[in-house]
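J.: Under the numbering used here, think of the first position of the sequence shown as 1, with each following residue one higher. Yeah, the Cβ is synthetic: ideal placement off N, Cα and C, and Gly gets one too. Below are the structure tokens for one structure; questions will follow.
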Amino acid sequence: MDKHRGFPGRLPGTDYQFVLRRANKNGATEITERVRYPDRRPPDKRADAGFMQALWEHFGEEPFVRGNLDAGRLSWLFGREVIPAEDPFDPADYEAMLRIDVAVAEVSFPEVFGK
């Protein structure tokens with residue numbers, strides 16, 4: 001499992017986790033597309049925006065390996081702002097390649113992109 005050095009471990013001042021410390025001995029947790037309902041709590045929305053900002057600052061438009069990024073946090077963005085960068089894509093692989101869909105991310109998180 002690749003570790004993303006310099007990537008924030010969590011949203012500052014909260015317990016919203018962004019990365020894992022160690023690989024799961026039973027294999028990687030599968031990334032799934034989660035529905036973000038409009039009535040989500042403000043702290044959850046801030047965590048999504050904070051994670052997107054960290055992804056953007058760390059990787060930009062370049063494809064990146066899933067590595068130690070938290071599957072739960074990725075799942076809130078997966079299928080919209082974060083998409084597979086390879087075909088076939090294995091959602092339960094630490095080596096899976098992802099990328100940011102910038103056009104969708106700019107609409108969803110304009111504050112991250114200065115819009």
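#1: Just verifying my parser: in three-state terms, what is the DSSP assignment at M52?
#2: Within a Cβ cutoff of 8 angstroms, which residues of the same chain sit near R21, ignoring the five residues on either side of it in sequence?
#3: Specify, as a first and last residue, the run of the beta strand (DSSP E) that L98 falls within.
#4: Given 8 angstroms as the limit, is there contact between the segment 67–81 and the segment 30–50, that is, 3 or more CB pairs closer than that?
#5: Measuring CA to CA, which of A54, F109 and E95 is closest to Q17?
#6: Count the other C-beta atoms from every protein chain shown that fall within 10 angstroms of the C-beta of F64, then say buried if there are 16 or more, exposed otherwise.
#7: Using DSSP with H/G/I as helix, E/B as strand and the rest coil, what is F59?
T.: The answer reads as follows:
#1: The count along the sequence shown starts at 1 and reaches residue 52 at position 52. DSSP places M52 in helix when its eight states are reduced to three.
#2: Start at 1 with the first residue of the sequence shown, and residue 21 comes out as number 21. For R21, where only same-chain residues beyond five positions count, the Cβ hits under 8 angstroms are N68.
#3: The residue given as residue 98 occupies position 98 in the sequence shown. Taken as a continuous stretch (DSSP letters only), the beta strand (DSSP E) holding L98 covers M97 to I100.
#4: Yes: at least three Cβ pairs fall under 8 angstroms.
#5: Residue 17 sits at position 17 when you count from the first residue of the sequence shown. For Q17, the nearest C-alpha among the options comes from A54.
#6: By 1-based counting over the sequence shown, the position of residue 64 is 64. Buried, since its Cβ has 16 or more Cβ neighbours within 10 Å.
#7: On the sequence shown, residue 59 is found 59 positions in, with the first residue counted as 1. F59 falls in the helix class under three-state DSSP.
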